[in-house]
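This report refers to the structure that appears directly beneath it.
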Amino acid sequence: LAFSQTALVRRRGLLAWISDLPGVFRVLAIASLVVALARPETFRTVKHEVDSVDIMIVFDMSKSMEDPDIPRDRMDAAQRVVRRFLRRTNNDRIGLVIFGQQAMLQCPLTHDAKMLEQIVADLSIGDVPELGTAIGDGLALAVAQLRRSDAKSKVVILLSDGDSNWTTRFDPEQAARAAAELGIKVNTVLVGSEESDLLGGMSVNPKTLRDVAVTTGGEFFRATDYESFDRGFQTMRSKLDTTKRVRLERIPDKQLFMPFVVLAAVLVALELLLSHGRLRRLP
Numbered sequence: 013l014a015f016s017q018t019a020l021v022r023r024r025g026l027l028a029w030i031s032d033l034p035g036v037f038r039v040l041a042i043a044s045l046v047v048a049l050a051r052p053e054t055f056r057t058v059k060h061e062v063d064s065v066d067i068m069i070v071f072d073m074s075k076s077m078e079d080p081d082i083p084r085d086r087m088d089a090a091q092r093v094v095r096r097f098l099r100r101t102n103n104d105r106i107g108l109v110i111f112g113q114q115a116m117l118q119c120p121l122t123h124d125a126k127m128l129e130q131i132v133a134d135l136s137i138g139d140v141p142e143l144g145t146a147i148g149d150g151l152a153l154a155v156a157q158l159r160r161s162d163a164k165s166k167v168v169i170l171l172s173d174g175d176s177n178w179t180t181r182f183d184p185e186q187a188a189r190a191a192a193e194l195g196i197k198v199n200t201v202l203v204g205s206e207e208s209d210l211l212g213g214m215s216v217n218p219k220t221l222r223d224v225a226v227t228t229g230g231e232f233f234r235a236t237d238y239e240s241f242d243r244g245f246q247t248m249r250s251k252l253d254t255t256k257r258v259r260l261e262r263i264p265d266k267q268l269f270m271p272f273v274v275l276a277a278v279l280v281a282l283e284l285l286l287s288h289g290r291l292r293r294l295p
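The sequence shown maps to residues 13 to 295 in my numbering.
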C-alpha cells in the first residue's frame with residue numbers, strides 16, 4: 013500500500029510537471045520569434061586593395077559660423093558640403109580637425125566615411141571654444157597629422173569664413189608654407205557671403221583662403237557652389253599619385269533567422285500536442 017501511494021504521488025508530480033510544459037514551450041516559442049524578427053546574421057571580413065589619397069578636413073567652428081548670411085547659416089552650409097563630399101568618397105582615408113579659438117583633432121585618418129559623416133552631422137558650435145578663429149592652428153594640426161602619413165599624396169580641405177582673428181602658434185600663412193614644404197595641397201572653401209558685412213553680418217575674408225590655396229597649389233571654392241567643388245576636387249584628385257592600401261570591410265555572411273523560425277514552429281507544435289493531445293487526458 014505504501015508503495016502504491018508513493019507511485020501515485022510520483023505519477024501526479026510527473027503529470028503536474030508535464031502540464032506546465034505548454035506554457036514553457038509558449039514562452040520559448042515567443043522568444044524564438046523575437047530573435048528571428050531581429051534577423052540575426054554573421055559577418056565576415058574581406059580585404060580589398062584600393063588606390064588611396066590621405067585627406068584631412070579642417071572645419072571652422074568659431075562663433076561667426078552661426079551667421080545666417082547664406083541659407084540656414086554658415087555652419088549648416090559647411091556641414092552639407094562635407095557630408096556631400098563624404099558620400100562621394102570611396103577609398104580615401106579621411107580625418108577631421110575642428111577649430112575655433114583653438115584646434116582639436118576630432119577624428120584621425122580613417123576609411124570609414126559613414127562614421128565620419130555622422131561625426132560631422134553631430135558637430136555644433138561650442139564643441140570647441142568658439143570666441144576666435146584660429147585658422148592657422150587648425151591647418152597646422154591637419155598638416156601635422158598628414159606629416160606622419162606614408163601616403164604619396166596628401167590633401168587638406170579647409171572650410172572657413174576666412175576671418176582669422178586668433179593665433180596661438182601659427183598664422184594661416186605660416187601653416188600654408190609648412191604644408192607647401194611637405195607637398196600638401198590645401199583646397200579652401202569660403203563659407204559665407206562676401207556681402208555679409210554690408211548687410212550688418214559677420215565679415216568674411218576670401219583673400220586669406222585664396223592665398224592659402226595658391227601657396228600650396230590647391231584651389232579656392234565657395235560653399236554654396238557644390239557642383240564646382242565636386243568637379244574641381246575630383247579633377248585635382250585624378251592627377252594625384254595614389255597609394256595602394258589594404259582595406260578591411262565587414263560584410264554580411266549568413267542569415268540566421270530561419271533556424272529560430274523553425275524552432276518556434278516546433279515549440280508551438282509541442283505546446284498544442286501537450287495541451288490537446290493524449291498526455292493531457294492521462295489520469
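Using N, Cα and C, we set each Cβ at its ideal position, and we do this for glycine too.
Treat the numbers as computed from the prediction; the structure is a model and nothing was measured.
- For the pair alanine 115 and phenylalanine 71, the Cα-to-Cα distance works out to about 9 Å.
- Residues Val70, Val109, Phe111 and Ala115 of the same chain have their beta carbon placed closer than 6 Å to that of glycine 150, with the five preceding and five following residues left out of the count.
- The secondary-structure analysis by DSSP pairs valine 201 across a beta bridge with Leu171 and Phe233.
- Cβ neighbours of lysine 266 within its own chain (closer than 8 Å, five residues either side excluded): Glu53 and Thr54.
- Judged by DSSP in its simplified three-state form, lysine 251 adopts coil rather than helix or strand.
- The Cβ atoms of arginine 38 and phenylalanine 269 lie no closer than 8 Å to each other.
- Under DSSP, arginine 262 shares a beta bridge with Thr57.
- Around the C-beta of proline 264, fewer than 16 other C-beta atoms lie within 10 Å, and the residue is accordingly described as exposed.
- Taking C-beta atoms as the reference points, valine 93 and phenylalanine 241 count as a pair closer than 8 Å.
- A straight line joining the alpha-carbon of proline 120 with that of valine 46 spans about 39 Å.
- As the crow flies, the alpha-carbon of serine 165 is around 33 Å from that of glutamate 78.
- In the three-state scheme derived from DSSP, where H, G and I count as helix and E and B as strand, phenylalanine 272 is classed as helix.
- Beta-carbon to beta-carbon, alanine 192 and threonine 145 are separated by about 22 Å, too far to satisfy the 8 Å threshold.
- Cβ neighbours of leucine 282 within its own chain (closer than 6 Å, five residues either side excluded): Phe37.
- Going by DSSP, phenylalanine 97 is part of the alpha helix (DSSP H) stretching over 86-99.
- If you draw a straight line from the Cα of serine 205 to the Cα of arginine 181, it comes to about 28 Å.
- Taking 8 Å as the cut-off, the beta carbon of methionine 68 is found closer than this to the beta carbon of alanine 154.
- Each of Asp104, Arg56, Leu98 and Arg100 was checked against the Cα of aspartate 253, and the nearest Cα belongs to Asp104.
- Using a 10 angstroms sphere on the CB of arginine 100, the tally of other CB atoms stays under 16, which defines it as exposed.
- Within 10 angstroms of the beta-carbon of leucine 170 lie 16 or more other beta-carbons, which makes it buried.
- Per DSSP, reduced to three states, the secondary structure at valine 65 is coil, with no helix or strand assignment.
- Put simply, the backbone Cα of threonine 220 is about 19 Å away from that of aspartate 237.
- In this structure, the CA atom of leucine 286 is about 42 Å from the CA atom of arginine 56.
- In the DSSP assignment, methionine 127 falls outside any beta strand (DSSP E) and lies within the alpha helix (DSSP H) extending over 125-133.
- Rounded to whole angstroms, the Cβ separation of valine 201 and valine 168 is 11 Å, and the two are not in contact under 8 Å.
- If you ignore the 5 residues before and after methionine 87, its C-beta comes within less than 7 Å of the C-beta of Met77, Glu78 and Ile137, all in its own chain and listed in chain order.
- Using a 10 angstroms sphere on the CB of asparagine 217, the tally of other CB atoms reaches 16 or more, which defines it as buried.
- When DSSP states are grouped into helix, strand and coil, alanine 115 belongs to the strand group.
- In this structure valine 258 touches glutamate 61 by the C-beta definition: roughly 6 Å separates them, less than 8 Å.
- If you look at leucine 151, you'll find it in the alpha helix (DSSP H) that goes 147-159.
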